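In the numbering used here, the protein residues as written are 9 to 275.
Note that CB positions come from ideal geometry on N, CA and C, so glycine has one too.
These numbers were taken from a predicted model, which means no experiment stands behind them.
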């Protein structure tokens, strides 16, 4: 009985530790001057998580093309590689759909429509085939008007876990970038609809907005965006751990209630 009492206390302390960590504002630890020690505060929640980082477009598909020929596929790849580095340093297992300027269509496929269909299908297959814990697809937005700006997350309707992840990332994008009041939006995209895991599509800003387009080409700003996404991912997994810890806490209380006072020994 002494051993049993000791286990109960350890579980209780674990619950309290998670709750204490979640009470700390993520943005306090993760800004443009974030230290490796501060990143370690959040790293526990992503350790051994399998995360697919999908830099949108690539190869034959440039995505949005801005002024002076700036291409979405180059920006998404730069941010995606930074994000992959941040996650790996925190202990996550990261799979990238591409690490160079290429698409995922099959060699010899003819026609842009068919090539795009295969490209998207293979991105989804990579995530589903590895039974990943989360998919992050990175993109850059555009609009006929030059006024819209700000990063935004999109999730598939009817996928509650995707929504939780999207909201966590959106919150950190707002905290870090200070230039978006947008909220997570439900929308139907092939890649979020066909994955069997939580999936978030992140529009990192608007290429059609001149000032934001310049920011998105700046390596320092790209790093800020990637850290915001990383912080949101960590927050999402930490919240999931909190839910599990809360259940553990309820079980601990139940054990105490079921035991007579003299059946629980002193540690």
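Alpha carbon to alpha carbon, how far is residue 200 from residue 76? 31 Å
Since residue 161 is in the beta strand (DSSP E), which residue starts that stretch and which ends it? 160 to 163
Opening and closing residue of the alpha helix (DSSP H) in which residue 62 lies: Residue 62 -> not in any alpha helix (DSSP H); beta strand (DSSP E) instead, spanning 58 to 63.
Return the chain-ordered list of same chain residues with a C-beta closer than 7 Å to the C-beta of residue 135, the five sequence neighbours on each side being excluded. 60, 143, 203 and 205
Closest by C-alpha distance to residue 173, when choosing among 228, 236, 93 and 215: 236
Mind checking who residue 150 pairs with in its DSSP beta bridge? Paired residue(s): none; residue 150 is not in a bridge.
Residue 68 - DSSP class collapsed to helix/strand/coil: coil
By DSSP, does residue 55 sit in helix, in strand, or in coil? coil
Relative to the alpha-carbon of residue 83, which residue among 96, 99 and 108 has its alpha-carbon at the smallest distance? 108
Contact check, residue 278 vs residue 63, beta carbons under 8 Å: Limits of the chain in this structure are 9 at one end and 275 at the other, which puts residue 278 out of reach.
At which residues does the beta strand (DSSP E) containing residue 132 begin and terminate? Looking at the DSSP string, residue 132 is not in any beta strand (DSSP E); the run it does join, the alpha helix (DSSP H), is 120 to 137.
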